[in-house]
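Inspection log for the structure reproduced underneath, given as structure tokens.
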Amino acid sequence: MPEGVEIEYYRRAADRAIGREIASIDASDTWFTKEGTTQESLDDALVGEIVIGTRRIGKLLILELGNGARLGLRFGMTGRILVDGKGPIEYLEYSSKRNETAWDRFTMFFADGGDLRIRDPRRLGGVILEPDEGALGPDAFTVAPKHFRTRVAVGPVAIKARLLDQSRVAGIGNLIADETLWRSGIDPARQAGDLSDNEVKKLHRHLKRVLADFVRDGGSHSGKLQASRVRGGCCPRCGQVLDRREVGGRTTFSCPHHQA
DNA sequence: CTCGACTCCTGTTAGC
DNA sequence: TGCTAACAGGAGTCGA
Numbered sequence: 011m012p013e014g015v016e017i018e019y020y021r022r023a024a025d026r027a028i029g030r031e032i033a034s035i036d037a038s039d040t041w042f043t044k045e046g047t048t049q050e051s052l053d054d055a056l057v058g059e060i061v062i063g064t065r066r067i068g069k070l071l072i073l074e075l076g077n078g079a080r081l082g083l084r085f086g087m088t089g090r091i092l093v094d095g096k097g098p099i100e101y102l103e104y105s106s107k108r109n110e111t112a113w114d115r116f117t118m119f120f121a122d123g124g125d126l127r128i129r130d131p132r133r134l135g136g137v138i139l140e141p142d143e144g145a146l147g148p149d150a151f152t153v154a155p156k157h158f159r160t161r162v163a164v165g166p167v168a169i170k171a172r173l174l175d176q177s178r179v180a181g182i183g184n185l186i187a188d189e190t191l192w193r194s195g196i197d198p199a200r201q202a203g204d205l206s207d208n209e210v211k212k213l214h215r216h217l218k219r220v221l222a223d224f225v226r227d228g229g230s231h232s233g234k235l236q237a238s239r240v241r242g243g244c245c246p247r248c249g250q251v252l253d254r255r256e257v258g259g260r261t262t263f264s265c266p267h268h269q270a
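Per my numbering, residue 11 is the first one in the first sequence, and the count goes up by one each step.
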């Protein structure tokens with residue numbers, strides 16, 4: 011469930027790596043290194059270098075190194091970041107509440123004795139040297155209304171599927187999408203291109219509010235809809251039993267009464 | 001190019 | 001009690 015909101019927390023945590031020298035890398039889980047990245051390529055590019063910055067595009071966290079190298083970190087659905095043993099999030103919705111060092115899939119050891127690691131029970135995350143940032147759309151936190159309209163509100167695809175498409179706008183996951191559509195009063199299955207100008211504006215406005223609320227309240231599980239995202243759950247606004255469907259390949263909850 | 005269907009990963013939980 | 005099957009969702013691949 012880490013969505014753009016959680017990755018922003020992770021990025022802030024990763025800021026604690028800035029200024030520190032990388033002594034060694036453990037990328038021995040070869041499933042976790044993606045797109046040709048290997049233990050050897052990481053050793054060559056990173057060991058002895060200093061972390062000089064962090065960035066985030068959608069759900070992709072990027073560490074910038076003194077030699078110009080970039081390291082991309084992905085967290086899948088259950089991945090957490092730990093810096094010097096501490097993480098910004100204790101446990102994730104839909105993930106284990108246990109903490110097992112066996113779930114550490116990637117570790118960056120610093121010369122000062124600390125480390126940065128990804129703890130991911132389900133191994134859906136990954137590590138990519140020089141990730142392709144061009145494949146991602148503009149970040150959901152900063153996307154302008156104009157870009158939101160031209161990239162998202164087009165075509166016959168369900169609006170929810172569009173919101174989840176990282177190449178359109180990056181950072182929206184299942185919970186942010188459901189909460190935003192619920193607040194906007196828009197049915198997730200509506201064709202993206204059929205939304206009125208007013209609905210598109212409303213959607214964009216609510217997206218920004220949802221992101222701000224989720225950052226303030228602790229994560230993507232902190233929405234008003236979240237407690238009702240269970241079979242038989244009722245709409246917090248009108249009390250109707252929520253629809254549970256699959257839209258855009260994801261479990262989707264929506265109110266049959268006020269989302270049209 | 002677009003888009004739905006399928007696949008991957010594995011801990012948790014519902015149900016028999 | 002112990003087992004199995006369904007479920008969770010991010011993201012890549014494939015074929016129409």
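In this text, a Cβ means the ideal position worked out from N, Cα and C, and glycines have one as well.
T160 versus R178: straight-line alpha-carbon distance, rounded:
Within the first sequence, the letter at position 150 stands for residue 160. Within the first sequence, the letter at position 168 stands for residue 178. So the two alpha carbons sit approximately 9 Å from each other.
In angstroms with no decimal places, state the Cα-to-Cα distance between D114 and S230.
Stepping through the first sequence from its first residue, residue 114 is reached at position 104. Stepping through the first sequence from its first residue, residue 230 is reached at position 220. Near 23 Å, if we compare the C-alpha coordinates of S230 and D114.
Which residue marks the beginning of the alpha helix (DSSP H) containing V137, and which one marks its end?
Counted from its first residue, the first sequence places residue 137 at position 127. Element bounds for V137: not the alpha helix (DSSP H) but the beta strand (DSSP E), G136 to L139.
Alpha carbon of S264 to alpha carbon of R254, nearest angstrom:
Numbered from its first residue, the first sequence carries residue 264 at position 254. Numbered from its first residue, the first sequence carries residue 254 at position 244. Taking the straight line joining both Cα atoms gives about 7 Å.
For L75, list the residues DSSP reports as bridge partners.
Position 65 of the first sequence, counting from 1, holds the residue named residue 75. According to DSSP, which records beta bridges pairwise, L75 is partnered with V61.
Beta-carbon proximity list for L102, same chain, < 7 Å, skipping 5 on both sides:
For the purposes of this step, residue 102 is identified with residue 92 of the first sequence, where counting begins at 1. Contacts found: M11, P12, T88 and R90.
Can you name the residues that DSSP bridges to Q236?
As a first step, residue 236 is located in the first sequence; it is residue number 226 there, counting from the start. Beta-bridge pairing links Q236 to no other residue.
Report buried or exposed for K170, applying the criterion of at least 16 other Cβ atoms within 10 angstroms of its Cβ.
Taking the first sequence and counting its residues from 1, one reaches residue 170 at position 160. Buried.
Sequence-distant residues of the same chain with beta carbon closer than 8 Å to K69, five excluded per side:
For this step, residue 69 is matched to residue 59 along the first sequence. Excluding positions up to five away in sequence, the list reads P12, E13, G14, I17, R84, F85, Q176, A180, G181 and G183.
I think E59 touches I32, with their Cβ atoms under 8 Å apart; what is that distance to the nearest whole Å?
Mapped onto the first sequence, residue 59 falls at position 49. Mapped onto the first sequence, residue 32 falls at position 22. Correct: roughly 6 Å between the Cβ atoms.
Count Cβ pairs between the segment 201-216 and the segment 227-246 that sit closer than 8 Å; are there 3 or more?
no
Pair within 8 Å by beta-carbon distance, F116 and F42:
Within the first sequence, residue 116 is the residue found at index 106, counting from 1. Within the first sequence, residue 42 is the residue found at index 32, counting from 1. Contact: yes.
Counting along the chain, where does the alpha helix (DSSP H) carrying D39 start and finish?
Walking along the first sequence from the start, residue 39 turns up at place 29. Careful: D39 lies outside any alpha helix (DSSP H) and carries neither H nor E.
For my contact list, T47 and L126 are in at a C-beta cut-off of 8 Å; report their separation, rounded to the angstrom.
To locate residue 47, count along the first sequence from 1; it is residue 37. To locate residue 126, count along the first sequence from 1; it is residue 116. The pair is not a contact, with the Cβ atoms about 16 Å apart (cut-off 8 Å).
Per DSSP, cross-strand counterpart(s) of I32
Stepping through the first sequence from its first residue, residue 32 is reached at position 22. I32 pairs with F120.
Span of the alpha helix (DSSP H) holding V257?
Residue 257 sits at position 247 when you count from the first residue of the first sequence. Careful: V257 lies outside any alpha helix (DSSP H), inside the beta strand (DSSP E) at D253 to V257.
For the beta strand (DSSP E) containing R260, name the first residue and the last one.
Against the first sequence, residue 260 aligns to sequence position 250. R260 -> beta strand (DSSP E) spans R260 to S264.
So D53 is in the alpha helix (DSSP H); what residue range does that whole segment cover?
On the first sequence, residue 53 is found 43 positions in, with the first residue counted as 1. Start and end: Q49 to L56.
Would you kindly work out how many angstroms separate the C-alpha atoms of V167 and A237, rounded to a whole number?
In the first sequence, residue 167 corresponds to position 157, counting from 1. In the first sequence, residue 237 corresponds to position 227, counting from 1. Rounded to whole angstroms, V167 to A237 spans 28 Å at the Cα level.
Excluding the 5 residues flanking A37 on each side, which residues of the same chain have their C-beta closer than 7 Å to its C-beta?
Residue mapping note: residue 37 aligns to position 27 of the first sequence, counting from 1. These residues qualify, in order along the chain: T43, Q49, L52, F116 and V137.
C-alpha gap between E189 and V162, whole angstroms:
For the purposes of this step, residue 189 is identified with residue 179 of the first sequence, where counting begins at 1. For the purposes of this step, residue 162 is identified with residue 152 of the first sequence, where counting begins at 1. Approximately 17 Å between the Cα atoms of the pair.
Whole-angstrom Cβ separation of Y20 and L71, contact assumed at under 8 Å?
For this step, residue 20 is matched to residue 10 along the first sequence. For this step, residue 71 is matched to residue 61 along the first sequence. Correct: roughly 6 Å between the Cβ atoms.
Considering only C-alpha positions, which residue in the set P148, W192 and R200 is nearest to G258?
Within the first sequence, the letter at position 248 stands for residue 258. Of P148, W192 and R200, the residue nearest in Cα terms is R200.
Which residues in the same chain as R65 place their Cβ atom closer than 8 Å to its Cβ, once the five residues preceding and following it in sequence are excluded?
Within the first sequence, the letter at position 55 stands for residue 65. R21, L71, I72 and E74, listed in sequence order.
Boundaries of the alpha helix (DSSP H) in which R80 is found, first to last residue:
Here residue 80 is taken as the residue at index 70 of the first sequence, counted from 1. Counting along the chain, R80 falls outside any alpha helix (DSSP H), though it belongs to the beta strand (DSSP E) covering R80 to R84.
By DSSP's criteria, A180 is part of a beta bridge. Which residues make up the other side?
Along the first sequence, one-based indexing puts residue 180 at 170. Note: A180 sits in a beta bridge opposite D149.
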